[in-house]
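> Under the UniProt record's numbering, the letters of the sequence shown match residues 1 to 91, in that order.
From the three backbone atoms N, C-alpha and C, an ideal C-beta is built for every residue, glycine too.
Dumping the structure here so I can ask a few things about it.
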Amino acid sequence: MYPYEHYLHKRPSGTKAELYAFANNVIKSFFENFTLDESLDQLRQMSLHGFFRENDEFTNPERCNHIAFYESLHILILASSIFNDELKKPV
């Protein structure tokens, strides 16, 4: 497995309390680093431009910010999936 495949398929594990703590920490950290408006703007930019373009107009700090946002979004989705799994369980 290539390193990126390992990263993409890595899932959080642990007790229910550990998974909730992980999810709460990730969500809190994400929104401390990115406001909702900034998140939506970053996601839009990523969707429109992608990470790599022939005519690269991003400066290095801008590219680093896009990559940091992508990594935070990736972890946020993992954390959100924990809550989503709980919602799927019958009451």
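Do PHE34 and SER72 have their beta-carbon atoms positioned less than 8 angstroms apart in this structure?
Cβ distance < 8 angstroms, so SER72 and PHE34 count as in contact.
> Residue range of the alpha helix (DSSP H) that ARG63 falls in?
Here the alpha helix (DSSP H) through ARG63 covers 60–88.
> Relative to the alpha-carbon of GLU18, which residue among PHE83, HIS9, CYS64, ALA68 has its alpha-carbon at the smallest distance?
Considering only alpha carbons, the answer is PHE83.
> Can you tell me the Cβ-Cβ gap for ALA79 and PHE22, rounded? I've got them flagged as a contact below 8 angstroms.
Contact flag correct, Cβ pair sits at about 7 angstroms.
> Any idea what DSSP makes of ARG44, helix, strand or coil?
Of the three classes helix, strand and coil, the one that applies to ARG44 here is helix, per DSSP.
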